[in-house]
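Numbering-wise, this note's numbering puts 114 at position 127 of the sequence shown, and it's gapless, one number per residue. For each residue, glycine too, the CB sits at the ideal point set by N, CA and C.
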Amino acid sequence: MRRGIILLAYLFFVSITLFAQNETSTISQHKGTFFVDFYAGTQVSGIRKEDYVSSNFAPYYQLSLGKWIVPYLAVSINYQGPYFHYISDNFKHKYFYIDGQVILDINSLFKTQYKALNIQVIAGGGLFYNLFYDRPNVCGTIGLLNEFKVTKTVSFKLKLASIMGWDIYQNDEDILTNLSLGLSIAF
């Protein structure tokens, strides 16, 4: 498990770009470009060491529709789900999370020449509906992603993010952390 996390962190921070990049080939450089992203990965409830046991991991999916407003700033609307595990029981805690996010492309903002790392920062918030408890909650989202270009309109993304809120699953400040791979199509 630890080796897998180290490998993913390595890919996230020190990867080689799949597509030769220059200032004109970056998807986010196109003001007004729409995009659709699909992410699949895993999520875990909690961030303490004791939370990282195999029974606490669950599948994670995200579907996003977004638009680049300026070369360094995009907005998106997202669905995230379908369920998470909680360390104190064996149930599937089904949920859906609909949120809005702001995406800041660090490379475009600072006009960096090093394109192997195309780091983007994510922040947002939305409605978390816990179907297991049958109640809504307002939560926040924060994360980092690295984008790997394949063509001018297709890219892969590696994302590490969290849904944070009060009383998601334990009547306290809670967090659902996810690690996922995504496919992005710009049009």
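Opening and closing residue of the alpha helix (DSSP H) in which residue i lies
{"i": "Ser95", "result": "93 to 97"}
Boundaries (first-last residue) of the beta strand (DSSP E) holding residue i
{"i": "Tyr156", "result": "Tyr156 -> no beta strand (DSSP E), and no H or E assigned at all."}
{"i": "Asn43", "result": "Unbroken run through Asn43: none, as it is neither H nor E."}
{"i": "Pro69", "result": "60 to 71"}
{"i": "Leu114", "result": "106 to 117"}
{"i": "Tyr26", "result": "21 to 32"}
Residue i, DSSP secondary structure in three states
{"i": "Lys139", "result": "coil"}
{"i": "Leu163", "result": "strand"}
Residue(s) in a DSSP beta bridge with residue i
{"i": "Lys81", "result": "Tyr70"}
{"i": "Asp86", "result": "Asn65, Gly113"}
{"i": "Ile172", "result": "Val23, Val141"}
{"i": "Ile129", "result": "Ala110, Ser149"}
Anticipated Cβ contact below 8 Å, residue i with residue j, distance rounded
{"i": "Ser32", "j": "Ile74", "result": "7 Å"}
{"i": "Tyr26", "j": "Lys146", "result": "6 Å"}
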